[in-house]
Amino acid sequence: MTLGKSFINGVANSVERSLRSCILHDPSLGLIASEKVLYRRTDQSNDKVILISGGGSGHEPAHAGYIGEGALDVVVAGEIFASPSASQILTGIQTVRSSKGSLMIVKNYTGDKLNFGLAAEKAKADGQKVEMVIVGDDVSVEGNTLVGQRGLAGTVFCHKIAGAKAAQGASLEQVTSTTRKAASQMATVAASLDRCSVPGRAIQEALPHGQLEFGMGIHNEPGVKREEITSLEVTVEKALSMMFTPKANMWQPGKGQRVALMVNNLGGLSVLEIGVVADEVVKQLAQRNIHIERSLVGTFITSLDGPGFSVTLLSLDDELTDLLDAPTTAPAWPRSIHGWATDAESVSKRETIVPVAEVNTRETGVKVPTSLVKVLIESVARTTARDEPKITEYDTLAGDGDCGETLLNGVTGLVKEFENDDAVSLDIGQIFRRTAITAERSMGGTSGAIYAIFLNAVANRLLELTVNSSSSTVSEFIQQALQSGLDELCRYTPARIGQRTLMDALIPFVKNYSLDGSLRAALVEARKGAESTRKMIAALGRASYVGQDRFDEEGGIPDPGALGVMARRRQPREFEILDVTDEVIRDYNGAETEEEDNETGDDRARTSTSGRSNLIVGARPRAANNTPSGYVSIQRPPVVDISSPTSQRQTENAVADLLYFSQNGQSHSSVDINPTLQVSMEAVPIDMIADYPYIDQMQAFTPEGISEDGIFLPGSAYHELHSTLRNHLIQQTRSIAPTRSTTPHIEVESSGGVSLEETEVTIPIQEFQPSQTPLLSQQEECSLWKNYFDEIAPWLDKFDRDRHFQQIIPTMSKDNDHLRYSMLALSARQLELKHTLPTNRSLALYQEAIHMLLPHLPTRGTAVIATCVILCVLEMLSCSPKAWQRHLDGCASLMEAVGINGFVGGTEQALFWCFARMDICGGLISSVKTLIPICHWASKTLSIENDVELFKNAPTFEDWANYAVYLTAQVLDLLAAPPTDSTRDEARFRTRWLKLWKYISEWYQERPAPLHPIMTIPSSESSPFPTILYSNPAAMSGNQMHHAASILMLQNQPSTVRLGHASKPRSILWHARQVCGISMSNEHHGAWTNSVQPLWIAGRCMSHPSEHKAILEMLDRIERESGWSTKWRVDDLKEFYKCSLSTV
């Protein structure tokens, strides 16, 4: 498989187009493309129960392949691995109706259950009869009673059984009952060699080469356990053991059980592989005394091109057997399923055994010592084993990639052929004949045939020569026999010298050996012949189908078959040592290393460095023997590419290295810079800040964004719940529903249902009612509330003097259970992360919060928005940071629709700034603009001047801290397009940069007194960063945000911009040291949660190992004490620092 490669990358509406292909070859089908609904255009007089199924796409041939007579009537498709919406499903229900009603067959995933369930309730409200059967046949998932077993390949059995039952004219109750019976007595287990390749996904995780996973689902989620690949027998045995191990509330087959077997290809196995797997499965089931009455082998439900298989067993009785055997026109169901006996005796009777042909045993009479034959064969085997990877590599480039393996099979067979010979000597003719037979049987293909013809002809000629002439030597016999063998071979193949085949080596070998009997000289010529194929144009063989440019770009590839003829004595040279030119340090505008905030301290520091008034740009560092002990000097180019952890760092750091040298390792005294020295910094595109590509804003949800997403793995309960909420949020904000001011008030009745006023339709979601039993004891809930007030609320209120999350929002939770459960879920999740606990409690609360929230979404009230924001905090706390966007964009769309911004006042203003800080965090991770456009943050005009005026007139110092967040968002908005973007207007960019730099500088100069440090202490030998102590979290985080924004701006300063000495610009290094010092000096966990990205940005500007160590320890402490994940950034920095950590 090839991860990331797809013919449909970038193809719009791929699901719709796939469905459209179904109606091309079947005129009985209809398609509603806009809703992705495929249906049978049935005869209305044939009144039967209508069968509906569907789900995410990517499982083809499911579900569209099971539409037909005796199977499904309607299929509703979602995007890849994403449930269709309730509105799509409702369209499907309404498109094909019957007086007998409709049965929906749904796989057990939360998103599918919620959306199909909601559609069913709407249809029932419209007077239709609808039932739903949920299929959960995955036996690898256990222990999570909230979610249950996933729906896998067993769903296909349910499609067929329900379809056949409905075709008999059965009632809705009868069809439902029979389908439920089938769903309750089947089991599926899966194994896979790797993840599938999702179209359009840039980054795709793969399993290590030597590992496989058991318990894979069909949504690219990881398996329940990962193991080393051994043999097929062991793999099948382990998979079946998972099925036969008793588990609570799961069906297991028993001895003597009558079953239907399905061996399913998850999409990426060859027909050959799945056939061999099926044979092994049947063999092992027979050993377990399972009676297979029906068997299906093929591709029935997939995970795109997943290279794995699943095994499903369905317990049979006479009714289910008849229903499986009933006819159907569904194209994906096999035309017949076998009812043959599968025991070993019955199978053996159906196999025909052909007797082995007799071997020519005539001998030449010329004997060769057996020990010599074995030594030669073992030598050839060692050489072939050594060279096989290179031969295979060449054949992969030039042909079908099997040449090396074919040769290895041949010599391995040869070793086995002669290893048990214990005679003193062997007949030379029989040696050649047995070698020919081995080549024919073990190698196969073209090479096997060529070797067999040649060696058989040599054996035949040796027999003739020894019978007719007794005076020749053995060497002369062989010379003549080899030439005769070559002549015979040339009768069967047109290949000759110069046509890029093994004949380019074989012909020179035979001709030269025939001339003088010198084996050494013959091998030299054979080697020359093989090497000459490197520049040849292939005329024969599979290489002749390969474009010549493929060979040229590789610098010439020798023919693999020709290499296989002779043993190479040494490996070809594979690598070159590249000469790397010296790197030049340039364009440095002076490293201000003073840590004091006040100007007096700055002046004292400047006057303390007499004799260093100028920095010579372009000067090289001193020799290595002058480097202070423990310090690693790194020279860097001026234009920085930090797109990977091992890429080179900022120019300024290299100059900092020189300062370390010139000050004998004392880095903290400052350097006086000549005011006339005005140099520019090279621009560093902001898209290089992170290692992760930008995911388009508001993308349609598919889980291919990132292969690993914390606890939100595709197929997991967390993922399904998040996906459902996100889809509902986006649908809600795109709907034409009334605005908040005219939305009727919703009241929660005592029964737990939801009642709307007359202007709204009552839609009870019976399938997903909130839990009727308490999820928490009073003591447990009290403990979670305490943790919320002590730990979580201070995070969220750090820029809010009115402490809405501490004092106001909790009081709202009394009347809004969805808000209450969201706050408890966040508290539970933080404790789970901090103390490494199972996710069961937070998952139950998260699920309850979402189920209670969904009916209230149309109100768009403050409590609803508060719940969404708090759930965003939970998800950002738990997800993969690289997947941040899909965890925020639903809430962002809701805020945009409602019109909340940073100046609406009250609780909603607090909610906005809490969300905005997460939005900034995500923007810094992926180097993209914020999800809520910056022009909507304040004045809702396109004028930054109007926005700035609002902030400067705001009454509190916390508003000034919010101003720092706003300016950082402006930086992201400015720098999101890289300098290489041809559409970027450089003059406009320069103007915007200067204006934004002015506001950023003024923020620092004009900040209110509460945002100034209480005290500062310069760095020392024991503390590599300055101590900068603040009195409040708004000051800590606001100043840190300012310094991070300043670093990004200076790294992207236009080359034509000169910052004069009068403006006293600080250096990148100074800002970076401030960022680090703030985190290490202040222990407020709320400020820490916002410091991860600034620390990463600043950390990449550091050069000294002691600084590296301190930053890594700080990040580790943040995760250890707050539960907020930092390990991913620690790993990034460790990779970035790897050259220096060993010296600490």
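Residue numbers (the UniProt record's numbering): 1 to 1144. Virtual Cβ for every residue (Gly too), placed ideally from N, Cα, C.
Identify which residue in Val-15, Leu-114, Ala-969, Gly-529 has its Cα closest to the Cα of Cys-935. Ala-969
Can the beta-carbon of Ser-1037 be found closer than 8 Å to that of Ala-1087? yes
Per-residue burial, Asn-901 [other beta carbons within 10 Å of its own, 16 or more giving buried]: buried
Excluding five sequence neighbours on each side, which residues of the same chain lie with their C-beta closer than 8 Å to the C-beta of Val-869? Cys-891, Leu-911, Cys-914, Phe-915
According to DSSP, residues forming a beta bridge with Ala-191: Phe-214, Phe-309
Mark Leu-819 as exposed unless 16 or more other C-beta atoms lie within 10 angstroms of its C-beta, in which case mark it buried. buried
For Arg-258, the three-state DSSP class (helix, strand or coil): strand
Is the region 78-97 close to the region 30-45, with three or more CB pairs under 8 Å? yes
Whose C-alpha, out of Ser-1125, Ala-206, Gly-365, Pro-855, is nearest the C-alpha of Leu-118? Pro-855
Enumerate in chain order the residues of its own chain whose CB-to-CB distance from Val-11 is below 6 Å, with the five nearest sequence positions on each side excluded. none
Mind checking Val-1075: buried by the 16 CB within 10 Å criterion, or exposed? buried
Measuring alpha carbon to alpha carbon, tell me which of Val-49, Leu-296, Val-74 ends up nearest Arg-41. Val-74
Rounded C-beta distance between Ala-153 and Thr-312? I'm assuming under 8 Å. 5 Å
Burial state of Asp-1116, where buried means 16 or more other Cβ atoms lie within 10 Å: exposed
Can you name, in chain order, every residue of its own chain whose Cβ lies under 6 Å from the Cβ of Ser-842, other than the five neighbours on each side? Ala-825, Ala-828, Arg-829, Glu-832
Contacts around Asp-194, its chain only, beta-carbon distance under 7 Å, and the 5 residues preceding and following it disregarded: Met-1, Ala-206, Leu-207, Pro-307
Under a Cβ-count criterion, where at least 16 other Cβ atoms within 10 Å of its own Cβ denotes burial, should Gly-429 be classed as buried or exposed? buried
Own chain residues within Cβ distance below 8 Å of Ile-507, not counting five before or after: Leu-486, Arg-496, Ile-497, Gly-529
Give the range of the beta strand (DSSP E) segment to which Pro-369 is assigned. 367-369
State the DSSP-derived secondary structure class of Ala-182, mapped to helix, strand or coil. helix
Quick check on DSSP: helix, strand or coil for Asn-946? helix
Residue 1145 burial status per 10 Å Cβ neighbour count (16 or more: buried): The shown model of the chain, from 1 to 1144, leaves out residue 1145, and the question about it has no answer.
Is it buried or exposed, Cys-158, if we count other Cβ atoms within 10 angstroms and call 16 or more buried? buried
Apart from the five residues on each side of it in sequence, which residues of its chain come closer than 6 Å, Cβ to Cβ, to Ala-793? Phe-805, Gln-806
Assigned exposure category for Met-852 - 16 Cβ within 10 Å defines buried: buried
Leaving out five residues before and five after Pro-369 in sequence, what residues of the same chain have Cβ atoms less than 6 Å from its Cβ? Ser-425
First and last residue of the beta strand (DSSP E) that includes Arg-40? 37-40
Check whether the Cβ atoms of Ser-310 and Leu-266 sit closer than 8 Å, and answer yes or no. yes
What's the C-alpha gap between Asp-973 and Lys-929? 5 Å
Look up Lys-5 in the DSSP assignment and say whether it is helix, strand or coil. coil
For the ligand GDP, is there any heavy atom lying closer than 7 Å to the beta carbon of Leu-871? Within the structure as shown, the ligand GDP is missing, as the structure has no ligands at all.
Alpha carbon to alpha carbon, what distance is there between Ser-379 and Leu-523? 15 Å
Name the residue from Ile-161, Lys-225, Val-415 whose alpha carbon lies nearest to the alpha carbon of Ser-177. Ile-161
Just grab the DSSP bridge partners of Gly-268 for me. Note: Gly-268 sits in no beta bridge, so no partner.
Simplified DSSP state of Val-198, which is helix, strand or coil: coil
Assign Glu-60 to one of three DSSP states: helix, strand, or coil. coil
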